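What the sequence shown shows, in my numbering, is residues 1 to 133, in sequence order.
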Amino acid sequence: MAWLLGRICDIPIHPQHRLIIWRAAIKTNFLIGNFQTANNLINFLLPIPGLPEQPILLRMQEKCKQENFKETHSPYPTKAVYPMCFQTGRLIKYGKCYMCTVCNATFHPSFRKTLCSFCLGKLDTIEYNPNPN
Ligand SMILES: [Zn+2]
1 MAWLLGRICD IPIHPQHRLI IWRAAIKTNF LIGNFQTANN LINFLLPIPG
51 LPEQPILLRM QEKCKQENFK ETHSPYPTKA VYPMCFQTGR LIKYGKCYMC
101 TVCNATFHPS FRKTLCSFCL GKLDTIEYNP NPN
């Protein structure tokens, strides 16, 4: 279930639904001891401005570090979690992407527009660590 939730995070569903799945994936992987996966997912959520659970995520990340990012129940080798471009479906592996300030949809750096294609919200550039640890 934890692994499945982690993979569902990559599917370009409606951004608000994706955020719910993302939170569930973090919580589930953290609770079963998949600290690398939880940490990777947290790294992507943290840059979202105004995220209410940011202090909790930072504490969870500290715990992941204390646990040496071990993966207790992961069926596959640990890998970085990349955001997916909501326009093209491509994974974004550059450490930088555009994120809608309204619905949190993410877009590849080659997406040359300033407004979200879902809700017409303004796009901001965000940076994330594509290869944590
Ligand atoms: Zn949007």
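All residues carry an ideal CB built from backbone N, CA and C; glycine is no exception.
As the structure is a prediction and not an experimental result, all values here were calculated from the model.
(message) Please tell me whether T72 and N40 are closer than 8 Å, where the distance is taken between their beta carbons.
(response) Within the sequence shown, the letter at position 72 stands for residue 72. Within the sequence shown, the letter at position 40 stands for residue 40. For T72 and N40, no; Cβs fall outside 8 Å.
(message) I'd like to know if the region 107 to 118 and the region 83 to 90 are in contact, where contact means that at least 3 CB-CB pairs between them fall below 8 Å.
(response) With three or more CB-CB distances shorter than 8 Å, the region 107 to 118 counts as touching the region 83 to 90.
(request) Measure from the alpha carbon of N68 to the alpha carbon of each residue in Q36, I26 and N29, then state which is nearest. (result) Start at 1 with the first residue of the sequence shown, and residue 68 comes out as number 68. Per the Cα distances, Q36.
(message) Going by beta-carbon coordinates alone, are P55 and I126 separated by less than 8 Å?
(response) Taking the sequence shown and counting its residues from 1, the one referred to as residue 55 is at position 55. Taking the sequence shown and counting its residues from 1, the one referred to as residue 126 is at position 126. No; because the gap between Cβ atoms is not below 8 Å, this pair is not in contact.
(message) If I follow the unbroken beta strand (DSSP E) through T125, where does it start and stop?
(response) For the purposes of this step, residue 125 is taken as residue 125 along the sequence shown, with counting starting at 1. Unbroken beta strand (DSSP E) run through T125: L123 to E127.
(message) Closest to E53 by C-alpha separation, out of I8, K96 and L19, would be which residue?
(response) Against the sequence shown, residue 53 aligns to sequence position 53. Just measuring C-alpha positions, the residue of I8, K96 and L19 sitting nearest E53 is L19.
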